[in-house]
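**Q** Starting off with a structure, shown below.
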Amino acid sequence: MGGTPQKLYFGYGSNLWLDQMSHRCPSSPHLGLGRLKGHKWFINSRGYANIARSPSPSPSRSEAEEVWGLVYQLTPEDEATLDINEGVPYAYEKREITVEFWEKGTGVVGGDGDKDKKRGEEREMLVYIDFERDKGGFKPREEYIVRMNRGIDDALKEGVPKRYVDEVLRGYIPAEEQSMEVQKLAEKQAGGFRDESGVVPTRVTAEAVGSGVDLLKVGGGGGGGGVKGIRGVLDGRE
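Residue numbers (the numbering used here): 11 to 248.
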């Protein structure tokens, strides 16, 4: 069949949250589960998730030496929008990396079971990485905690091992609710991200789309930005 080829995208941070991805990239369905070996997950100095190669992966791999995430089929249009949300090239850069893939519904991983019972298929995937701020040990931004917790809930349901969540993600992301004000900010960020770290320029235009239309005003003022209907963020909201 013709048409522009679509990429597989490996999301390991707040894009574990299915509702966030469905609003940011509405034409890019969730396909399944991915595992990136020989890498570590952390919160960097911007206050957001990042990954980096493990210095020397041990023969007996630990949870800290692999990164789990959700896999999406990414259209070119959604990729252009995702580039803006990820602050390319100022915050993150794009790489094609081999990731182990399990198709949704196979039920071969999850919980505390043996995730190697059936090996996944190795596929090339698009991954966003911050190579400049490549050290961990920093606190996540408060609104990011909200979005990560929603993502963790979805990730566990989709088969990400609980042990990985407990040993890696929970080292940075507390399982607690934030204030209503912070939750409202998280909802806005889920719908259209605005950088709070100062790394991304105030205004980023969507030239990659080909129209020059402003898809997102990153870090600046402007109106709206929130997306109604994102489940689980604001209980009792209109």
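All residues carry an ideal CB built from backbone N, CA and C; glycine is no exception. A quick note: this is a predicted structure, and the numbers were derived from the prediction, not measured.
Hey, quick one: how far does the alpha helix (DSSP H) through I155 stretch, first residue to last?
**A** 152-167
**Q** Does the beta-carbon of T91 have 16 or more other beta-carbons within 10 angstroms, so that it is buried, or is it exposed?
**A** buried
**Q** Out of curiosity, what's the CA-to-CA distance linking P99 and V210?
**A** Taking the straight line from one Cα to the other gives about 9 Å.
**Q** So, at 7 Å on beta carbons, what are the nonlocal neighbours of L195 in its own chain, with the 5 sequence-adjacent residues on each side left out?
**A** For L195, same chain residues with a beta-carbon under 7 Å away, outside a window of 5 residues either side, are E153 in chain order.
**Q** Rounded to the nearest angstrom, what separates Q188 and G57 at their Cα positions?
**A** 16 Å
**Q** State the Cα-Cα distance for the pair S207 and R143, rounded to the nearest angstrom.
**A** 12 Å
**Q** Please list, in chain order, all residues of the same chain as W51 whose beta carbon is under 6 Å from its beta carbon, the five residues on each side excluded.
**A** I61, V77, V178
**Q** What residue range does the beta strand (DSSP E) around Q83 cover?
**A** 76-84
**Q** Between the Cα of R157 and those of L28, L18, Q16, spot the shortest distance and give me the residue it belongs to.
**A** L28
**Q** In the DSSP assignment, find the unbroken beta strand (DSSP E) run with V109 in it and report its ends.
**A** 103-113
**Q** Could you give the residue range of the beta strand (DSSP E) that holds G42?
**A** Taken as a continuous stretch (DSSP letters only), the beta strand (DSSP E) holding G42 covers 40-47.
**Q** Is DSSP giving E131 helix, strand or coil here?
**A** strand
**Q** Taking Cβ to Cβ, would you say G44 is nearer than 8 Å to G79?
**A** yes
**Q** Just to confirm my understanding: we take R105, look at its own chain, exclude 5 residues before and 5 after, and list those with CB closer than 7 Å. What are they?
**A** V137, I139
**Q** For the alpha helix (DSSP H) that contains L195, what are its first and last residues?
**A** 190-201
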